[in-house]
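Okay, so here's the structure we're looking at.
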Amino acid sequence: MNLLTLPARTLRRKLARTLLLTMVFALGICSVVALNYVSTAVGDSMEKKLTAYGANILLQPRVETLSVGYGGFSLGSVAFDAKHLTAEQVARVRSIELKERIAAVAPKFMALAKVAGRSVAMIGVDWPEELMIKSYWGFEGRPADAPGEVLAGAKAAQALGLRPGDSFEANGTRFTVAGVLTPSGSEDDNVVFAGLADLQAAFGQPGAIHFAEVAALCSGCPIDEIVAQIQQVLPEVDIVAMQKVVKSRMYTIHFVQHLALIVSVILLVTACFMIALSLLASVNERKHEIGVLRSLGYSRAAVFSIFSVEALIIGMAAGLIGYFGGFGVSLKVMDMLDLAKESSLSMEPLHLAATLGGVALVSCLSSVIPAWKAANTEPSQALVML
0 MNLLTLPART
10 LRRKLARTLL
20 LTMVFALGIC
30 SVVALNYVST
40 AVGDSMEKKL
50 TAYGANILLQ
60 PRVETLSVGY
70 GGFSLGSVAF
80 DAKHLTAEQV
90 ARVRSIELKE
100 RIAAVAPKFM
110 ALAKVAGRSV
120 AMIGVDWPEE
130 LMIKSYWGFE
140 GRPADAPGEV
150 LAGAKAAQAL
160 GLRPGDSFEA
170 NGTRFTVAGV
180 LTPSGSEDDN
190 VVFAGLADLQ
200 AAFGQPGAIH
210 FAEVAALCSG
220 CPIDEIVAQI
230 QQVLPEVDIV
240 AMQKVVKSRM
250 YTIHFVQHLA
260 LIVSVILLVT
270 ACFMIALSLL
280 ASVNERKHEI
290 GVLRSLGYSR
300 AAVFSIFSVE
310 ALIIGMAAGL
320 IGYFGGFGVS
330 LKVMDMLDLA
340 KESSLSMEPL
350 HLAATLGGVA
360 LVSCLSSVIP
370 AWKAANTEPS
380 QALVML
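Letter 8 of the sequence shown, counting from 1, is numbered 7 in numbering that gives the first Met the number 0, and no numbers are missing.
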């Protein structure tokens with residue numbers, strides 16, 4: 000017999016208790032693994048959904064200004080050398096190293112038009128990109144998807160007397176109202192949205208873009224890193240990260256992940272105490288056996304190792320069962336929460352290795368006190384029990 004066969008034979012001899020302890024420990028590990036996978040999926044899903052409520056990076060052309068004053072009086076600032084962004088510049092945003100973190104790039108062209116004798120702001124947008132960052136829009140009618148179609152903000156439609164299906168002329172170009180936006184309490188209520196190319200053509204400025212909004216998924220890396228990479232490919236453009244928006248979104252995502260982490264730690268600590276109590280009970284039951292081993296020449300270190308190996312065997316078996324069980328549970332939970340389409344899970348060897356490593360550490364730590372108590376058992380205990 001050696002330090003490996005002794006623990007294995009002991010566990011086999013007390014098979015019922017070994018199986019019960021392994022399954023209970025595996026249940027805890029299963030919960031931790033499932034929580035980890037599900038919290039990651041929920042965080043990714045929440046970030047994508049929150050991204051649909053607006054952009055978090057703003058691109059705008061760099062404008063030189065000159066402060067004008069005379070005789071101690073300020074006459075204000077004058078902008079000169081004003082430029083527009085181009086479609087080629089906006090497209091470069093998706094060429095950065097972290098391009099997979101870019102969810103949407105929505106360019107804008109602004110113009111002031113006369114409609115039915117009233118002045119109204121018209122915003123040219125790229126419909127697919129705009130709808131991606133403004134999925135909260137509600138419509139009376141339908142979204143605009145054909146050339147010449149527009150979406151009117153609630154207040155703008157009321158002021159101009161526009162309804163879905165109506166037509167109007169702006170700067171010599173005919174537009175048709177596809178839908179009217181439901182009131183949102185934002186600036187969108189006061190403007191009319193048109194197709195980017197349609198509005199550029201109507202005002203004789205093809206390719207001109209006043210600014211662009213970028214929706215970046217920032218849980219995987221700092222928003223400042225994404226901004227820095229965009230600045231590298233667009234050095235001539237002013238780039239502003241809306242930190243308040245980013246921080247509010249990240250707080251929500253991190254709250255979910257931290258909650259899962261706290262629950263996982265509680266489960267692991269509970270499992271650690273459970274193994275320790277079970278081993279302590281085993282030590283008390285096996286004092287005679289331990290005394291015999293000590294009288295046969297087994298050192299304190301050898302006895303300590305026997306109990307540590309017992310805990311390690313139970314832990315590794317529970318770790319394997321718990322990991323595969325937790326992965327399966329997380330897939331079921333994701334289906335129940337309708338997250339399967341938004342986030343996919345894959346079984347990675349690195350995750351399995353990390354799980355087994357963590358379980359081995361917890362098992363060894365939980366066995367320290369029982370193993371120390373067993374190691375300090377005197378050989379005379381064998382005679383006392385007799």
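Cβ atoms here follow ideal geometry from the backbone N, Cα and C, with glycine treated the same way.
Quick caveat, the model's predicted, so the values are computed rather than measured.
Item to complete: Report yes or no: do the segment 166–182 and the segment 136–145 share at least 3 C-beta pairs separated by less than 8 Å?
Response: yes
Discussion item. If I measure Cβ to Cβ from Val308 and keep anything under 6 Å in the same chain, skipping five residues before and after, which residues do I get?
Written reply: Pro6
Fill in: Residues near Thr457 by beta carbon distance below 6 Å, same chain, minus five either side
The chain is shown from 0 up to 385; residue 457 falls before or after that span and cannot be answered.
Discussion item. Measuring only the C-alpha atoms, how far is Tyr69 from Pro60?
Written reply: Per-residue confidence for Tyr69 stands at a pLDDT of 48, beneath the threshold of 50, marking its modelled position as unreliable; the derived number appears in the next sentence. Their Cα atoms are separated by approximately 29 Å.
Worksheet item: Excluding sequence positions up to five away, which residues of its chain have a Cβ less than 8 Å from the Cβ of Thr181?
Response: Trp136, Gly137, Phe138, Glu139 and Ala153
Worksheet entry | Contacting residues, own chain, Cβ-Cβ under 6 Å from Lys133 (five flanking each side not counted) | none
Worksheet item: So which of Asn375, Ile95 and Gln228 has the shortest CA-CA distance to Gly290?
Response: Asn375
Practice prompt. Count the CB pairs spanning the segment 259–271 and the segment 345–355 that are closer than 8 Å, and state whether there are at least three.
Written response: no
Worksheet item: Does DSSP put Gly160 in a helix, in a strand, or in coil?
Response: coil
Worksheet item: So, helix, strand or coil for Thr181, using DSSP?
Response: coil
Worksheet item: Relative to the alpha-carbon of Ala25, which residue among Leu351, Ala193, Met315 and Glu168 has its alpha-carbon at the smallest distance?
Response: Met315
Worksheet item: Per DSSP, what kind of secondary structure is Gly321 in: helix, strand or coil?
Response: helix
Practice prompt. Look up Glu168 in the DSSP assignment and give the residues it is bridged to.
Written response: Arg173
Fill in: Endpoints, the beta strand (DSSP E) within which Ala373 is located
Looking at the DSSP string, Ala373 is not in any beta strand (DSSP E); the run it does join, the alpha helix (DSSP H), is Val367 to Ala374.
Worksheet item: Enumerated in chain order, which unbroken segments of the alpha helix (DSSP H) with a length of 4 residues or greater are wholly contained in the segment 259–314?
Response: 286–294
Worksheet item: Is it buried or exposed for Glu148, if we count other Cβ within 10 angstroms and need 16 for buried?
Response: buried
Worksheet item: Is Gln122 helix, strand or coil by DSSP?
Response: Here residue 122 turns out to be Ile, not Gln, going by the sequence shown. The answer is strand: DSSP assigns Ile122 an E or B state.
Worksheet item: Is the CB-CB distance between Ser38 and Ala280 below 7 Å?
Response: no
Practice prompt. Please report the Cβ distance between Lys113 and His209, rounded to the nearest whole angstrom; I am assuming they are in contact, meaning their Cβ atoms lie under 8 Å.
Written response: Not a contact, Cβ separation roughly 19 Å.
Worksheet item: Which residues in the same chain as Ala169 place their Cβ atom closer than 6 Å to its Cβ, once the five residues preceding and following it in sequence are excluded?
Response: Ala112 and Val114
Worksheet item: Between Gly123 and Leu198, which are expected to be in contact by the criterion C-beta below 8 Å, what is the C-beta distance as a whole number of angstroms?
Response: 3 Å
Discussion item. Among the candidates Ala370, Arg117 and Glu186, whose CA atom is the shortest distance from the CA of Ser304?
Written reply: Ala370
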